[in-house]
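Peer 1: The opening residue of the sequence shown carries number -1 in the numbering used here; numbering runs sequentially from there. Take this structure, written in structure tokens, and hold onto it; I'll ask about it next.
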Amino acid sequence: AEGEADDLIGRQLRTNQGRYIGVFGNDSDFAVAHGCRLVAYELFPLGREVLQAVWKCQALPQLPQTGALSCWSPGLLSEALGVEEAQLPAVALLAGCDLSRQILNRCEQRGWVQPSGFHELAKVAVATQSPTNEWEQYLRDEGEQQELQEVWSRVWRSYGHGPECSEVGRTLAEVVPDE
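Structural data, given as structure tokens:
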């Protein structure tokens, strides 16, 4: 969304593979963004203690010298949801990511019922040729439909997915207007 560093961080992770492990946080955008990994606080040893120390500008707790690090990646998330990795931006759009939250709220106020849970959202994303089709009947005019197309384009690009991701990516890229 505007003013956030998500796009910049995502590009850094994609272009510097191997240099960074991932993003330490709770921003699910990094579990969706192509080439990124999310190390959620809950999955990190002493994650909450590290976070509190950072917030309070205190010394970090002693971390284990060895061990496994759990994280989410687009591949793991797509496998868990039963969708292609290139379909994750559509799931994020319908879930109400940073960029689509306002449109989602308007559609819900006008009668759209969001499927419960990410597995159900994933089914809707797969079933529709374009995730924007799901909301078109809830938009009042061409201006709102154009806004939705622009948001979808920004979501697609923000997550760093491109036609090279998969066959699904090629299909989805066809409905994303070029900038």
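Where a beta carbon is used, it is the ideal one built from N, C-alpha and C, also for glycine. Here the structure is a predicted model, which means the values were calculated and not measured.
Near asparagine 24, which residues of its chain fall below 7 Å by C-beta distance, leaving aside the five closest residues on each side in sequence?
Peer 2: Reading the sequence shown from its first residue, position 26 is the one you call residue 24. The residues are Ala38 and Tyr39.
Peer 1: Anyone know if the C-beta pair for leucine 119 and valine 89 falls short of 8 Å?
Peer 2: Taking the sequence shown and counting its residues from 1, the one referred to as residue 119 is at position 121. Taking the sequence shown and counting its residues from 1, the one referred to as residue 89 is at position 91. Yes, they are a contact pair.
Peer 1: Check for me: the alpha helix (DSSP H) holding phenylalanine 42 runs from which residue to which?
Peer 2: For the purposes of this step, residue 42 is taken as residue 44 along the sequence shown, with counting starting at 1. Run containing phenylalanine 42: none; DSSP gives neither H nor E here.
Peer 1: Spatial neighbours of tryptophan 70 within its chain, please: C-beta separation below 6 Å, excluding the five flanking residues on both sides.
Peer 2: For the purposes of this step, residue 70 is identified with residue 72 of the sequence shown, where counting begins at 1. Hits under 6 Å: Ala29 and Leu36.
Peer 1: Can you check whether the CB of threonine 126 is closer than 8 Å to the CB of glutamate 132?
Peer 2: Residue 132 sits at position 134 when you count from the first residue of the sequence shown. Residue 126 sits at position 128 when you count from the first residue of the sequence shown. Result yes, Cβ atoms of glutamate 132 and threonine 126 sit closer than 8 Å.
Peer 1: Counting C-beta neighbours from all protein chains within 10 Å, is the total for glycine 158 16 or more, i.e. buried, or is it exposed?
Peer 2: Position 160 of the sequence shown, counted from the first residue, corresponds to residue 158. With 16 or more Cβ atoms within 10 Å of its Cβ, glycine 158 is classed as buried.
Peer 1: Could you tell me which of Pro72, Leu74, Gln85 and Glu142 sits nearest to cysteine 184, measuring between CA atoms?
Peer 2: Any answer about residue 184 is impossible in this case: the structure gives the chain only from -1 up to 177.
Peer 1: For aspartate 5, tell me which candidate among Gly73, Phe22, His32 and Tyr18 has the shortest Cα-Cα distance.
Peer 2: Here residue 5 refers to the residue found at position 7 of the sequence shown. Answer by Cα proximity: His32.
Peer 1: Exposed or buried, what is tryptophan 53 when buried is set at 16 or more other beta-carbons lying within 10 Å of its beta-carbon?
Peer 2: As a working note, residue 53 is residue 55 in the sequence shown. The residue in question, tryptophan 53, is exposed, as its Cβ has fewer than 16 Cβ neighbours within 10 Å.
Peer 1: In the DSSP output, which residue or residues are listed as bridge partners for tryptophan 18?
Peer 2: Along the sequence shown, one-based indexing puts residue 18 at 20. Correcting the residue identity first, residue 18 is tyrosine in this sequence and not tryptophan. Beta-bridge pairing links tyrosine 18 to Gln15.
Peer 1: How would you call glutamate 140, buried or exposed, if buried means at least 16 neighbouring beta carbons within 10 angstroms?
Peer 2: The residue you call residue 140 lines up with position 142 of the sequence shown. It is exposed - the Cβ of glutamate 140 has fewer than 16 other Cβ atoms within 10 Å.
Peer 1: Given leucine 79, which residues of its chain have a CB within under 7 Å of its CB, disregarding the five upstream and five downstream residues?
Peer 2: Mapped onto the sequence shown, residue 79 falls at position 81. Contacts found: Val89, Phe116, His117 and Ala120.
Peer 1: Please name the residue, chosen from Trp150, Gly20, Phe22 and Thr13, that lies closest to glycine 179 on a Cα-to-Cα basis.
Peer 2: One cannot answer for residue 179 here, as it falls past the ends of the chain, which runs -1 to 177.
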